[in-house]
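Novice: At position 123 of the sequence shown the residue is numbered 123 (full-length UniProt numbering), and the sequence of numbers has no breaks. Before anything else, here's the structure in question.
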Amino acid sequence: MEASEDAAFNKITRSLQDLQQKDIGVKPEFSFNIPRAKRELAQLNKCTSPQQKLVCLRKVVQLITQSPSQRVNLETMCADDLLSVLLYLLVKTEIPNWMANLSYIKNFRFSSLAKDELGYCLTSFEAAIEYIRQGSLSAKPPESEGFGDRLFLKQRMSLLSQMTSSPTDCLFKHIASGNQKEVERLLSQEDHDKDAVQKMCHPLCFCDDCEKLVSGRLNDPSVVTPFSRDDRGHTPLHVAALCGQASLIDLLVSKGAMVNATDYHGATPLHLACQKGYQSVTLLLLHYKASAEVQDNNGNTPLHLACTYGHED
């Protein structure tokens, strides 16, 4: 029973590896001790008795609540603050058998007192684990238009807030938010290139007048195309895949977007869709002949990423 529960829990935590402290409200004053608490929590499976495991959990809580001067200051942290930090630690610390650990501690700790300090620490971890199991931190948006997930919305807004006002950034912003009308409008400006070609002596002409005409368009920063890239090497199709915008895949491909384009990490749009678990986007990209065998710079295929992040579909 615990094995299947652990597998389900691990699937959830793997999908939350992009989680940031600000996403779950970890206060800056409590982030100072998180690295030490994480190192201590990583020792849990080295503890051989229920009492040792409980002491390990208590030490984690004590480290979280310590001030920089090493004085324990429990009064400054409320239960909600503690829960936020524990949620972050559970996601970021690679412990594959939380359900087995909890079962072992509860079933074989015979001298427990419900209201002692060790019991409080255990209850706090149980509450955090149950919160994650219920899907309250799920980073995956629904396949429909709306965004019911607060964490995913925060991540998306963080992506948009990093963008400046250049035309390429404006295009990527509208793709990330699913604004199909604006995406079509921006990409339709590319049609002006056809007018420039018609003004040339012939399409392959290299006379001075034609050179100025062509070079002017190529160097124009206001021109956005399906091949435009940001500082990560992402194309418009990468952004659509990353943000789960299935409705824009058809549009971008019809405009000439390359389904197997790679970013600076060697990832294709299919890599990103599989990493995030967007089934509709994945199926559309495969329909447009996206390669499932391309490896990124770490040697991962899209299937590797789907498995790593626990996306069975």
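For each residue, glycine too, the CB sits at the ideal point set by N, CA and C.
1) Could you check what DSSP says for Gln66 in three-state terms: helix, strand or coil?
2) Look up Leu242 in the DSSP assignment and say whether it is helix, strand or coil.
3) For a minimum of 4 consecutive residues, which ranges assigned as the alpha helix (DSSP H) are wholly contained in the UniProt domain "VPS9" (3-141)?
4) Hey, Ile24 and Leu137 are a contact pair by Cβ (cut 8 angstroms); roughly how many whole angstroms apart?
5) Run the CB neighbour count on Gln245, radius 10 Å, all protein chains shown included, and call it buried at 16 or more, exposed below.
6) Below 6 angstroms, is the gap between the Cβ of Cys56 and the nearest heavy atom of the ligand FAD?
7) Cα-Cα, which of His238, Val239 and Glu130 is closest to Leu86?
8) Measure the alpha-carbon distance for Cys47 versus Tyr104 and round it to whole angstroms.
9) Compare the C-alpha of Tyr264 against each of Tyr288, Thr282 and His238 and name the closest.
10) Near Ala241, which residues of its chain fall below 6 angstroms by C-beta distance, leaving aside the five closest residues on each side in sequence?
11) Cα-Cα, which of Arg133, Asp169 and Phe227 is closest to Ser13?
12) Could you compute how far the alpha carbon of Asn297 sits from the alpha carbon of Gly266?
13) Would you kindly work out how many angstroms separate the C-alpha atoms of Leu283 and Lys38, rounded to a whole number?
14) Let me check understanding here. Comparing Cα to Cα, which of Pro50, Arg109 and Ile95 lies closest to residue 351?
15) Report the three-state DSSP secondary structure of Glu143 (helix, strand or coil).
16) Roughly how many whole angstroms lie between the Cα atoms of Val253 and Val259?
17) Identify, in the order they occur along the chain, each residue of the same chain with its Cβ nearer than 8 angstroms to the Cβ of Gly178, setting aside the five sequence neighbours on each side.
18) Going by alpha carbons, who is nearest to Phe227 out of Phe172, Leu305, Gln275 and Met99?
19) Pull up the CB-CB distance for Lys53 and Asn101, whole angstroms please, since I reckon it's below 8 angstroms.
20) Alpha carbon to alpha carbon, what distance is there between Cys121 and Leu305?
21) Determine the contact status of Gly277 and Lys11, defining contact as a CB-CB distance below 7 angstroms.
22) Which term fits Gln20, buried or exposed, when burial requires 16 or more other beta carbons within 10 angstroms of its beta carbon?
23) For Gln275, does the count of other Cβ atoms within 10 angstroms reach 16, so buried, or fall short, so exposed?
24) Does the Cβ of Ser124 have 16 or more other Cβ atoms within 10 Å, making it buried, or fewer, making it exposed?
25) May I ask you to report which of helix, strand or coil DSSP gives residue 337?
26) If we ignore side chains and look at the alpha-carbon of each, how far apart do Asn107 and Glu126 end up?
27) Near Leu41, what residues of its chain come up, given a Cβ to Cβ distance below 6 angstroms and the 5 sequence neighbours on each side ignored?
28) Quick check on this structure: which residue in Ala176, Gln180, Ser188 and His287 has the alpha carbon closest to the alpha carbon of His234?
29) Could you compute how far the alpha carbon of Ala128 sits from the alpha carbon of Ser4?
30) Can you tell me whether DSSP reads Thr308 as helix, strand or coil?
31) First and last residue of the alpha helix (DSSP H) that includes Gln180?
32) Let's test the definition: count the other Cβ atoms within 10 Å of the Cβ of residue 332 and tell me whether it reaches 16, buried, or not, exposed.
Specialist: Reading off the structure:
1) strand
2) Helix, per DSSP.
3) 28-31, 34-41, 50-65, 79-92, 98-108 and 117-133
4) 7 angstroms
5) buried
6) As presented, the structure is devoid of all ligands, the ligand FAD included, so that no description of it is given.
7) That would be Glu130, whose Cα lies nearest to the Cα of Leu86.
8) 12 angstroms
9) His238
10) Pro269, Leu272, Ala273 and Val281
11) It should be pointed out that residue 13 corresponds to Thr in this sequence rather than to Ser. Of Arg133, Asp169 and Phe227, the residue nearest in Cα terms is Arg133.
12) Roughly 5 angstroms separates the two Cα atoms.
13) Rounded to the nearest angstrom, the two C-alpha atoms are 38 angstroms apart.
14) The shown model of the chain, from 1 to 313, leaves out residue 351, and the question about it has no answer.
15) Residue confidence is low: Glu143 scores 43 on pLDDT, short of 50, so the model does not pin down where it sits. No coordinate-derived value is stated.
16) 7 angstroms
17) Glu145, Cys243, Gln245, Ser247 and Leu248
18) Phe172
19) Yes, they are in contact, since the Cβ atoms of Lys53 and Asn101 sit about 6 angstroms apart, within 8 angstroms.
20) The straight-line gap separating the alpha-carbon atoms of Leu305 and Cys121 is approximately 35 angstroms.
21) no
22) It counts as exposed.
23) buried
24) buried
25) Residue 337 is absent from the structure shown; the chain starts at 1 and stops at 313.
26) Whole-angstrom Cα-Cα distance: 14 angstroms.
27) Val60, Leu89 and Thr93
28) Answer by Cα proximity: Ala176.
29) Approximately 19 angstroms between the Cα atoms of the pair.
30) helix
31) Gln180 to Ser188
32) Since the first residue of the chain shown is 1 and the last is 313, residue 332 is not available in this structure.
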